[in-house]
Structure formats: C-alpha cells, structure tokens
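Below is one structure, written out as structure tokens, with a few remarks after it.
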Amino acid sequence: MNSSLLSAEGLSKRYGAVEACKNISFEIQEGEALAIVGESGSGKTTLLHLIAGLMAPHSGRVSYRGRDGVRRDLAEMSEAQRRALMRADWGFVHQDSTKDLRMNVSAGGNIGERLMALGERHYGRIRASAAEWLARVEIAEDRLDDSPLTYSGGMRQRLQIARNLVTSPRLVFMDEPTGGLDVSVQARLLDLIRGLIAEMGLAVVLVTHDLAVARLLSNRILVMKQGEVIESGLTDRVLDDPQAPYTQLLVSSVLAA
Amino acid sequence: MTSRPYNFAYLDEQTKRMIRRAILKAVAIPGYQVPFASREMPMPYGWGTGGVQVTAAVIGPEDVLKVIDQGADDTTNAVSIRAFFAKTANVATTTETQAATIIQTRHRVPETALTEQQILVYQVPIPEPLRFLEPRETETRTMHALEEYGVMHVKLYEDISRHGHIATTYAYPVRVSGRYVMDPSPIPKFDNPKLADSPALQLFGAGREKRIYAIPPYTKVVSLDFEDHPFERTKFDAACEFCGATDSFLDEVVTDDAGGRMFVCSDTDYCDKRQAARNKDAAE
Amino acid sequence: MIPSASDLLVVEDLSKSFTLHLHGGKRLPVVAKVSFAVKRGECVVLGGPSGVGKSSILKIVFGNYLAGAGHIYLSDGERFLDIANATPREVVSARRRLMGYVSQFLRVIPRVSALDIVAAAARDAGLAPGAAKNRAENLLARLNLPERLWTLPPATFSGGEQQRVNIARGFAGEHRLLILDEPTASLDAANREAVVGLIAERRAAGAGFLAIFHDEDVRARVADRVLDVSAFAPREAA
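Chains as they are written, first to last, in the numbering used here: chain A, 1 to 257; chain B, 1001 to 1284; chain C, 2001 to 2238.
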C-alpha cells in the first residue's frame, strides 16, 4: 500500500533522440525535502516538470495522494482537477519570479489571488492575510500596495514564495529558487526557505545545481546525470560519503570559499 | 450607375442565419461569448458593427427601431445607424423607448422599464472581462470553461487598495446565472441592476472581436463585489436641470468658464417625457 | 550478539572501506568487523592512534557515512533499528528522536543566531518555542558563552565559542544516545568542566554516550570504558 505523498514510477521523457529522463522512480513523503541535483543537461528540470504535471512523460506515471487520502494518477486528472491541485495543494517556485508573479498587480493582490480563486470574498481578511505573509517573508509592510516591478530580485523571489505558500500547500516544487541572485541575497532567501519548510512541515522537491543549497534545505538527494539517477540517499551521507564515481567527481569539484 | 437595392437589413440571408445560430447559442448559455464570423460592414470597427449585425439578424419588417448613443437619440452615431436601417430595411424608427421593439444602444440602458416584447442590443468594444489581466485568448477561454474567476476579484482588490473603494464605474463585471462572468459593455455601473430579471431579451454584439453573448429574460445577474465592499449604485447629488428627475443617470454639462455646471438626464427620451408631463401638469 | 533491554546501541561486525574512483578506484579499508555495545547511562570512548578510524565509526553510527557491512542496532525503547540498512527517512527520524551528534566543528548557517541554532534543536525534539528558548539560554549560560553573543550568528565567533554553540545544540534535544567527536578540543579548563557536568547529568538521566576525547583528563572522568579501535584494523589483502 503506497502511502507516499507523491510517487514517480518509471518516468521517461525523450526530446527527439535525446533521452532527458530514463526510467526514473522515487517517492516523496509528507514533510520531506528532496533535492534533485545535477549539472546542465542532467534532466533534473525535465524531471521536475514531469512530476509537477506540467509535462507528460513518454512512459511511466506520477501519482499523488490528495488531502482526501485518495491516490490519483496525474495523467488521469482533468485539467480542472490539475489546476485545483496547483492552486490549493501545491506550490511552484520558479527561478524567474516574473513567470509566476503578476507584475501589474500589487504585492497584496499577488498574494491574495489564490485566496480569491478559492472563494475568499472579504477584502479585509484577504488584505490581512497578504500583510501577514509579507511580514513572514520579511518584506516591509508598507510595500503591500506596491507592484513587484518596484521590487528587487530577492524581494520578488520572496513575494513569489509568499504567493505560493498562502494556501498552506502540502507540496512545493522549487526550480533553482536562488539562481541568479546575489550571494548575500541568496543566503537570506535560503534561510527563509529553510525556516518555512520546518515551520509548515512542507514537502519540497528542489532542483538545484548548488550542492550547498541541497545540503542546507534537503534531507534526501537524487544525483542525476544524463537522464539517470546516479545515486540517491540521505543528503549528508551522499555528499560526505559519495559512493558513485560521478557523485565523487561532483562533490570534489565544489570550490570552498 | 444603377444602384442595386440592398438585401433586407443589408446582410445576406445566410449571414443572418449564421448570426441567429450564434444568438441561439448565446441565449442557451447566458453570459457565454459565442464566436461568430463577423462581416465587413459599411462602418469601421469601433462604430457599432457588432450591434448592427445583431440588429440586422433579428429585425423584421414590422419592427420599430430605436437607436441611442450614450442615452441620446440625436448624436451622430445614433442618427447614422437609424438611417442605415431605415434605408436597408425600410423599418419604422422612433425615439420613444416605449414605442420601440428593438433598441440598439451604445453604453447606456434606457431609464424606462422594458417589456417582454422588446430586444435590447448592446454595442460591445471588448467582450472579454478577463482581458485586462490575461492577454492570451487560449488562457481566458480555459478560465471561463473552468470557472476560474479569482483574477476578477484581484482587479477589484486592486481598486480598493488604490482608491479605497471599487473604482470601476463602467463596464462593471457581472456574473450571469451564477456561472459566466461577463462584461456588460461600457454601460455605467448605475445601469447594472437593470440587467437582472429584465423582461426584455438582451443581446450583446462585438464586431471587431467577433463575439456575441446574451442575457435571456428574467435572468439572475449579479455585480461582482466583496462582502465588506458591496456593490453600490451610483448616487447623484443633483437632480436633472430640465425635468427634475432624481432617479436617472445624469450627464454633467459645463456651462461656463467659471466652473458652472449643470446635470441633465443622459436618456433624452426619458427626460423629454418627464418634461412633457410636468408641462401638462403645470398647464392644468 | 543478541541485544538486551539495557542496550542502547549494538554495533555488530561493522566494516567500512572507501573506494576513490577519482584515483583509479583505489580502495582504502578503514575498519573491519567492529563490534561493541553502549548501554543506557554508559559512556563508551573510542581510543587509538590518529587515523585508525575512530571518527569514521562515529559517522557511520550516525548514518553520515555508509556502512560497508555489518549492523548498527539503535534502540528506541521498544525495538531496534538497524541504521546500516535503514531508509533515509528512518535515519532522519532516528536523528530527531534517538541519536544526537556533536561534530568537531560547527557547520555555520548564515544569519541564524547562536540562540536560534540551539533553540531549533530543542524545538525539533518537541519542546514548545518558549521552553526551547529557555533551554537554549540555560545551556549557553552553562557553557559560559557571553550573553552578548547569543543573538549573533556564530560565523564570527572564535573556534572555542563556535564549539560551545555546537555542544549546546547537541545537548538541547532529548536524545537517548549522544555521539561526541572531540567536543572539548578547543575549550579551556572551565568549559571542559561544564561539558563534563552536562555529560554526567545526562548519564544519570539514562542517556548513553559514544565519544572520542583526546583530552586524557576528561576521558578519565567520563569514560566507563575505552575501546581501542586498532583492534578493528582491517587486514590488508596481500
């Protein structure tokens, strides 16, 4: 009896002759943080899109256990069900926040959108929730009515996180959430994410090429190379005692500051 | 050069049938935008081609047509369109709301209550209420199909956060029959309550955007709002200068350079009738 | 070895070697057939010369290194979990509830204050935020960390100060087994004394310790027995 939260079985995806994902299987439990690491071309981003239901695999299946306890195959869901899932149960934090944020809508409107989509019709309550979340992601309260166009990159990313977490999702997908940001900004953001994961008991699937980010945020790790999982296990174990040759190469290549 | 007579109401019969099929679909699914093959009309886009096509499809030789533009029968637009139908359909025309069987309107709903014998045809510029926040047609169609209207309330939220109240004063979005969210065309929000439970058939035509939608008679139409910011009808601080009405939509007219202004009923027919009644009373 | 009720940790025939794929697959054997047990209230110290594999054994027990062969039975009060063959999830759970680890060096996370580091460990063990903060303050005070440093992130602390935060974190939970890797290496006499005190208290409460101490004095005071790891040196293949 599969009691995992999300389960990927035999996922494969091809782009023409290139096999981006080869027969990949793994599970995520509630409250677990899984990092998928690899270099460019490893297939990690494709894998993330497959398990988030944003892309269909050529073979294999992804199943998710909903809040009602029922396990459903993503491919068998209707568009309406999939979107409802994305709105209430899941979050997706993109590397580029402008992909998710509405740039011509205020921060409050951005955070409140999911609540309004779920039927919240009280302006005062929506605004209060948005303000609360703005504080939680450490953005000053007086920026609530500003458009994200006036925000810095790090602030936009934090706003994107607030927008995704406001409905207390069970599972959050993150694609290089700190990519492209200044190092000092990254540190703050990582700390915020770490805290929120712990506080909210979120399950997280995080794609990153940065092993330090994986170590900080995840307790399990998948190492990918050319569409295959080379090694997997406890994050600190894989990073401190890598068994596979490729993992050893990856770990030894990381420069220490 | 001999001039050939136009087909009745300008459009050929097949086109009229196509438009009527679209209208039937629209009536069957209140508030849903039905795509239709909008024709080239002898006026440019933006001048009421959608409304004219709908009227042309439903008008018959016995009909009496009224055309108003911002409530007035005597503006250029209204006069042109009335003349157009007079020439191509040879129908009777009128400025009196009560005498008309078809009323084509740009941006107002008549003050006089309508009856089951009447059809109100609205001219619509942008039919898609979600367009301002979602530019992709593929996406807005999906949103309507899946009833994903959260984004409409985002717009209203923005209004309140910026202005302290919902600042949308015209083209105020409504929910029809509890299902589709619809743009009622740029009528003032003052007119929104008239859309609900009307005995008349209301048809909406957008020529450039190629969409037709409808509100069947006696249909529930609710203006979107928040629990703590409920929809409020506009109230005027003044009465009509000419007829004294306090319950009609008033146009503000600047009378001099010193800032003098007066308020006048936008619905010319309504105003005229009231003035006539007053004069009659005064005479007695 | 059949574990008994008072056994907290039973290590059985544990072996470990590293394979360095980046160096032509060179194999480095570390330890072979390590067997020992730690009982409740007991402090077992691993001894032997540098490089003999003491630290590695601690890391394997904690699940940080992969066991090559053998078993690591950890008691949760009712059953034994074999860390050597446990799923990642089981190890994470064991680390939260059953075994804590104080490494030689504090791994610094940016921006988190010393107090928060320790309080977080207490919260993980199930304490409410208020109680966790109190416990953190008590521990840092006992380890003589100046109060003005409590709200600062440890990145700028001295080695000894960082180590004291590390120790406080290790003792902030309610683990039944505490694994200590040279916890007093960078501490002065007063603070070594504080650590000895903490160990004694926990032992009295039933916790077990598996530790490495280079300091002979501390070792003499806390160890119930010293296991010389050279006894488990792998026999080199001819």
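Built from N, CA and C at the ideal position, the CB exists for glycine as well.
Note that this is a predicted model, so its numbers are computed, not measured.
Original post:
A2205 of chain C by DSSP, collapsed to three states: which one?
Top reply: coil
Original post:
Do we get a CB-CB distance below 8 Å when we pair L159 of chain A with the residues of chain C?
Top reply: no
Original post:
Per DSSP, I111 of chain A forms a beta bridge with which residues?
Top reply: Per DSSP, none; premise fails for I111 of chain A.
Original post:
To which residues of the same chain is I230 of chain A closer than 7 Å at the C-beta, ignoring the five residues directly before and after it?
Top reply: V223, M224, A244, Y246, T247
Subject >> R2135 of chain C - containing alpha helix (DSSP H), residue span >> reply: 2129 to 2142
Original post:
Between the segment 89 to 108 of chain A and the segment 116 to 125 of chain A, do at least 3 Cβ pairs fall closer than 8 Å?
Top reply: no
Original post:
Who are the near neighbours of G43 of chain A in its chain, counting only those whose CB is closer than 6 Å to its CB and skipping five residues on each side?
Top reply: A20, C21, M224, G227
**OP:** Establish whether the CB of M1001 of chain B and some CB of chain A are separated by less than 8 Å.
**Re:** Note on M1001 of chain B: pLDDT 43, under 50, position unreliable in the model; the coordinate value appears next. So, not an interface residue.
Subject >> Buried or exposed by the 16-neighbour rule on C-beta atoms within 10 Å, applied to S1198 of chain B >> reply: buried
**OP:** With 8 Å as the threshold, decide whether the Cβ of N2166 of chain C is near any Cβ in chain A.
**Re:** no
Subject >> Inter-residue spacing [alpha-carbon to alpha-carbon] between W2064 of chain C and N104 of chain A >> reply: Residue identity check: residue 2064 of chain C is Asn in the sequence provided, not Trp. Taking the straight line joining both Cα atoms gives about 48 Å.
Subject >> Every unbroken beta strand (DSSP E) within the segment 1200 to 1239 of chain B, with a cutoff of 3 residues, ordered by chain >> reply: 1201 to 1206, 1211 to 1215, 1221 to 1223
Original post:
So is R163 of chain A in contact with chain B if we call contact Cβ pairs under 8 Å?
Top reply: no
**OP:** Taking Y2065 of chain C as the query, report the chain A residues whose CB atoms sit under 8 Å from its CB, ordered along the chain.
**Re:** R237, D240, D241
Subject >> Local conformation of Y1122 of chain B per DSSP, three classes >> reply: strand
Subject >> Min CB distance H2071 of chain C to chain A below 8 Å >> reply: no
Original post:
Thinking just about the alpha-carbon of each residue, which of C:G2048, C:P2110, C:L2008 is nearest to the one in T1982 of chain C?
Top reply: Outside the displayed range of chain C (2001 to 2238) lies residue 1982 of chain C, so it cannot be described from this structure.
Original post:
Within this structure, are the beta carbons of I1068 of chain B and A1200 of chain B separated by less than 8 Å?
Top reply: no
Subject >> Members of the segment 2083 to 2114 of chain C near chain A, C-beta cut-off 7 Å >> reply: P2088, R2089, V2091, V2092, I2109, P2110, R2111, V2112
Original post:
Does DSSP classify P148 of chain A as helix, strand or coil?
Top reply: helix
**OP:** List the residues of chain A that F1236 of chain B touches, going by C-beta distances under 7 Å, in chain order.
**Re:** Per Cβ cutoff of 7 Å: no residues; F1236 of chain B is ~26 Å from chain A at best.
Subject >> Best match in A:L206, A:R188, A:R170 for proximity to E199 of chain A [C-alpha to C-alpha] >> reply: A:R170
**OP:** Step through the CB atoms of chain A and report whether any lies within less than 8 Å of the CB of F1226 of chain B.
**Re:** yes
Subject >> Element boundaries [beta strand (DSSP E), containing E1252 of chain B] >> reply: 1250 to 1254
Subject >> Proximity test, Cβ basis, 8 Å: K1273 of chain B and chain A >> reply: no
Original post:
Listing by chain order, which chain A residues have their CB less than 7 Å from the CB of G1164 of chain B?
Top reply: Near G1164 of chain B there are no residues of chain A at all, since even the closest Cβ is about 11 Å away, more than 7 Å.
**OP:** From the DSSP output, in three-state form, read off V2061 of chain C for me.
**Re:** helix
Subject >> Residue ranges of each beta strand (DSSP E) within the segment 1027 to 1102 of chain B, 3 or longer >> reply: 1064 to 1069
Subject >> Neighbour-count burial assignment, V1253 of chain B, 16 or more Cβ in a 10 Å radius >> reply: exposed
Original post:
Mind pulling the chain A residues with CB within less than 8 Å of L2149 of chain C?
Top reply: Near L2149 of chain C there are no residues of chain A at all, since even the closest Cβ is about 19 Å away, more than 8 Å.
Original post:
Across which residues does DSSP place I2179 of chain C in a beta bridge pair?
Top reply: C:Y2101, C:L2210
Original post:
So, is the C-beta of A203 of chain A closer than 8 Å to a C-beta in chain C?
Top reply: no
Subject >> CA nearest to the CA of C1243 of chain B, picked from B:F1132, B:Q1123, B:S1266, B:D1256 >> reply: B:S1266
Original post:
If you drop the 5 nearest sequence neighbours on each side, which residues of the same chain put their C-beta closer than 8 Å to that of S106 of chain A?
Top reply: L144, D145, D146, S147
Subject >> For V207 of chain A, the residue or residues it bridges with in DSSP >> reply: A:I36, A:D175
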